[in-house]
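**Student:**
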Amino acid sequence: MAMMDRLAGRIHPPLALRRAIRLAEAGKPAEAFRLMATAARAGIPEAQYRVARCYLEGSGVPPSRLEGARWLRRAADGGNADAQALLAALYTTGLAENEDTAAPVSSESMFNSQPSQKPDFETALPLAQKAAEAGSATGQAILGYILSKGPKTIRDLDTAHFWYEKSAAAGCPEGCLGLAVSLIRRKQPEHRTRIAEALRRAADAGLPTAIYLLAALTERGMGVPVDLESAAELYQLAAEKGLASAQFRLGLSLIEGTLSRQDPAAGEAWLRRAALAGNRDACYQLAELYMKRPQPDYVESAAWYRRAAEAGHQVAARSLASLYLSGNGVALDVDEGKRWLRVAANGGNRESQVDLANLVLEGGGDRTDDVDAAEWFGANASSGDAIAAFNLGLCFSEGIGVRKDQEQAAMWMRRAAEGMAQAQYMYARMLQDGRGMVADQKQARVWFERAAKTGMADAQVALGEMLYNGRGGECSPVAAARLFKQAAAAGHVGAMYAIGALYESGQGLSLDRKAAQKWFAAAAERGHGHAQLMLGRYLCKGIAGEHDPVAGRMWLKRAAAQGLDEAANEVGDFERG
Numbered sequence: 001m002a003m004m005d006r007l008a009g010r011i012h013p014p015l016a017l018r019r020a021i022r023l024a025e026a027g028k029p030a031e032a033f034r035l036m037a038t039a040a041r042a043g044i045p046e047a048q049y050r051v052a053r054c055y056l057e058g059s060g061v062p063p064s065r066l067e068g069a070r071w072l073r074r075a076a077d078g079g080n081a082d083a084q085a086l087l088a089a090l091y092t093t094g095l096a097e098n099e100d101t102a103a104p105v106s107s108e109s110m111f112n113s114q115p116s117q118k119p120d121f122e123t124a125l126p127l128a129q130k131a132a133e134a135g136s137a138t139g140q141a142i143l144g145y146i147l148s149k150g151p152k153t154i155r156d157l158d159t160a161h162f163w164y165e166k167s168a169a170a171g172c173p174e175g176c177l178g179l180a181v182s183l184i185r186r187k188q189p190e191h192r193t194r195i196a197e198a199l200r201r202a203a204d205a206g207l208p209t210a211i212y213l214l215a216a217l218t219e220r221g222m223g224v225p226v227d228l229e230s231a232a233e234l235y236q237l238a239a240e241k242g243l244a245s246a247q248f249r250l251g252l253s254l255i256e257g258t259l260s261r262q263d264p265a266a267g268e269a270w271l272r273r274a275a276l277a278g279n280r281d282a283c284y285q286l287a288e289l290y291m292k293r294p295q296p297d298y299v300e301s302a303a304w305y306r307r308a309a310e311a312g313h314q315v316a317a318r319s320l321a322s323l324y325l326s327g328n329g330v331a332l333d334v335d336e337g338k339r340w341l342r343v344a345a346n347g348g349n350r351e352s353q354v355d356l357a358n359l360v361l362e363g364g365g366d367r368t369d370d371v372d373a374a375e376w377f378g379a380n381a382s383s384g385d386a387i388a389a390f391n392l393g394l395c396f397s398e399g400i401g402v403r404k405d406q407e408q409a410a411m412w413m414r415r416a417a418e419g420m421a422q423a424q425y426m427y428a429r430m431l432q433d434g435r436g437m438v439a440d441q442k443q444a445r446v447w448f449e450r451a452a453k454t455g456m457a458d459a460q461v462a463l464g465e466m467l468y469n470g471r472g473g474e475c476s477p478v479a480a481a482r483l484f485k486q487a488a489a490a491g492h493v494g495a496m497y498a499i500g501a502l503y504e505s506g507q508g509l510s511l512d513r514k515a516a517q518k519w520f521a522a523a524a525e526r527g528h529g530h531a532q533l534m535l536g537r538y539l540c541k542g543i544a545g546e547h548d549p550v551a552g553r554m555w556l557k558r559a560a561a562q563g564l565d566e567a568a569n570e571v572g573d574f575e576r577g
């Protein structure tokens, strides 16, 4: 028989090809390859195509994509539609030039949602067109894919849909999957049943992406009845076939128990598989799992946040920045933290933009950050975001990322003041001082009052001072005292000192030296310089009945250390005695 094979190869290449096909079907790939190679060298396109498949699949010969692509080109140039289609698929998946892998290659790999190489759609297009026009259902599916996923210069969704229709009608699984995706893109509810039918045909052929999409439809009841248990089974099937997106969804459902059973350990294992395959959402969820444990594992979390962030996950980048800024799981590194905040912020993550901008406002950014922060605030402020308007006002007020402009600062602060207490307070200050506008004490009092009603202690104290002094309206020490007490209850040190002063003067509150000393002491203990001065005087002179010169001199010295000349003079008087 071996002699007949050799004779057939020497005398009649078509006969060698037919014999090779029978040997391959009989499970003898090595013998089949030798005869196929003979027919291929004789220039038979079908033989060249089959030799290429042998190289690509490692059937009867060591695998080599380079050799596989070389023989595919010969077969494609000879008009073999199957070769044209497969070569187009290799270019589309970026695999036409690679040699060092033993993994089988087929047109199915083109429909995997996670390609590993850079595609070459331009080279693939004419090959796919030839195959499609020659009637190759696979070529039609590939052409549809190129026209729907390729660069904008060659993209044509309507023509892609046409070729998907033809491919699916011929029974090509990839064509069925492409048709379903094309119908999904059109977002027409009446297509749901047809989408499910096309996905079912592709899923029955074993395409992992089709199985995954059918699982999603089954989970949501789109075109098919809701069936969570069947959805879980489909996700598992796609996950077992190595589709990372299915592994992620299955893992998440097992952790949360949203589809059928709950099995956190199995769920974490599937998440890990998806993450190791490069699924950035799985990386992020793994990091979150480690963060939310009773004893957080910051080191593991940091590692998975980094993987997700490097793959473009903006929330993960923000979380990684937080770890660097706090020194949890990684060495404390403010610069690295800011770098990851920039990555997330430049990617459009609003929370990261706010975080980085706040660092800028606190003096922690550089010139580029300053400009970026002002631009983010400007974009969001224009759409009605009160916080962004407030921060943009601060940028104009301080000249951060923009030219200092108090009029612009006042304008944006006024916009923010409609819905933000801090902005109401700042706008009132600007009215009071005449920054960016003509000073208006009456309006300043109005805006301080609005902020004070929200419970803002600084605004309560500012309004109290205006009521006590009669600026911008009536003079009312009693109302001022009421506001000071509200602010003091919230821990405002200046309000504590003011209450002491009112008790001492008997304005707004009944004259009460002991109460005055108590409030001066409360403020002094919290570092208020004038309160320390007053407490020192009270104790040195026994004004409220308690005479303690030693403690009094200590408080006077503390006040003097804060730069109060009066306190320094009184300390000198006591020491000269």
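Under the numbering used here, the residue at position 10 of the sequence shown is numbered 10, and the numbers go up by one with no gaps. Even glycine gets a Cβ: it sits at the ideal position worked out from N, Cα and C.
(1) For Gly384 and Arg429, I'd like the C-alpha separation in whole angstroms.
(2) With a Cβ-Cβ cutoff of 8 Å, do Leu214 and Arg200 count as a contact?
(3) If I follow the unbroken alpha helix (DSSP H) through Glu418, where does it start and stop?
(4) Closer than 6 Å by C-beta to Gly150: which residues in its own chain qualify, once you throw out the five before and the five after it? Chain order, please.
(5) Quick one: measure Cβ to Cβ for Ala39 and Ala16, integer angstroms, because I've assumed they're closer than 8 Å.
(6) Have a look at His528 and Val402 and give me their C-alpha separation to the nearest angstrom.
(7) Hey, would you say Met496 sits closer than 8 Å to Ala490, going by beta carbons?
(8) Output needed for Asp355: all residues of its chain with C-beta closer than 8 Å, excluding positions within five of it in sequence on either side, in chain order.
(9) I need the straight-line Cα distance from Val334 to Ala311, nearest angstrom please.
(10) In this structure, how does DSSP classify Val493 when only helix, strand and coil are distinguished?
(11) By alpha-carbon positions, which one of Gln314, Gln129, Cys176, Gly455 ends up nearest to Leu483?
(12) Of the residues Val446, Ala137, Thr92, Ser301, which one's Cα is nearest the Cα of Pro119?
(13) With three or more C-beta pairs closer than 8 Å as the rule, is the region 130-141 touching the region 71-86?
(14) Can you tell me the Cα-Cα spacing of Ala410 and Gly436, whole angstroms?
(15) Would you call the CB atoms of Glu219 and Leu228 closer than 8 Å?
(16) How would you write the range of the alpha helix (DSSP H) that Ala605 sits in, first residue to last?
(17) Of all the alpha helix (DSSP H) runs that stay within the bounds of the region 450-514, which reach a length of 4 or more residues?
(18) From Arg537 to Ala480, what does the alpha carbon distance come to, in whole angstroms?
(19) Leaving out five residues on either side along the sequence, give the residues of the same chain with a beta carbon under 6 Å from the beta carbon of Ala462.
(20) Could you check if Ala88 is buried or exposed, using at least 16 other CB atoms within 10 Å of its CB as the buried criterion?
(21) Write down the C-beta distance between Ala423 and Phe390 rounded to the nearest angstrom, noting that I regard them as a contact closer than 8 Å.
(22) Hey, Ala128 and Ala85 are a contact pair by Cβ (cut 8 Å); roughly how many whole angstroms apart?
(23) Could you tell me the boundaries of the alpha helix (DSSP H) in which His530 lies?
(24) Report yes if the CB atom of Ile387 is closer than 8 Å to the CB atom of Met420, and no otherwise.
(25) At 4 residues or longer, what runs of the alpha helix (DSSP H) sit wholly inside the region 225-268?
(26) For a quick check, are the C-beta atoms of Ala578 and Glu174 less than 8 Å apart?
(27) Which of helix, strand or coil does DSSP assign to Glu546?
(28) Could you check whether Ser182 and Ser148 sit closer than 8 Å to each other, using their CB atoms as the reference points?
(29) Among the candidates Arg526, Asp372, Ser230, whose CA atom is the shortest distance from the CA of Ser260?
(30) Is Leu234 near Pro208, with beta carbons less than 8 Å apart?
(31) Determine whether the Cβ of Val224 lies closer than 8 Å to any Cβ atom of chain C.
(32) Tell me the DSSP secondary structure of Arg65 in three-state form.
(33) Leaving out five residues on either side along the sequence, give the residues of the same chain with a beta carbon under 6 Å from the beta carbon of Leu23.
(34) Helix, strand or coil for Asn328 per DSSP?
(35) Using a 10 Å radius around the Cβ and a threshold of 16 neighbouring Cβ atoms, would you call Cys176 buried or exposed?
**Tutor:** In brief:
(1) 22 Å
(2) yes
(3) No alpha helix (DSSP H) contains Glu418, which DSSP labels as neither H nor E.
(4) Phe121
(5) 5 Å
(6) 36 Å
(7) no
(8) Arg318, Ala321, Leu341, Ala345
(9) 22 Å
(10) helix
(11) Gly455
(12) Thr92
(13) yes
(14) 6 Å
(15) yes
(16) Only positions 1 to 577 of the chain appear in this structure, which leaves residue 605 out of reach.
(17) 457-469, 477-489, 493-505
(18) 25 Å
(19) Phe448
(20) buried
(21) 4 Å
(22) 7 Å
(23) 529-541
(24) yes
(25) 228-240, 244-256
(26) In the structure as shown, the chain starts at 1 and stops at 577, and residue 578 therefore has no counterpart that could be examined.
(27) coil
(28) yes
(29) Ser230
(30) no
(31) Protein chains in the displayed structure number just one, and chain C is not present.
(32) helix
(33) Glu31, Ala32
(34) coil
(35) buried
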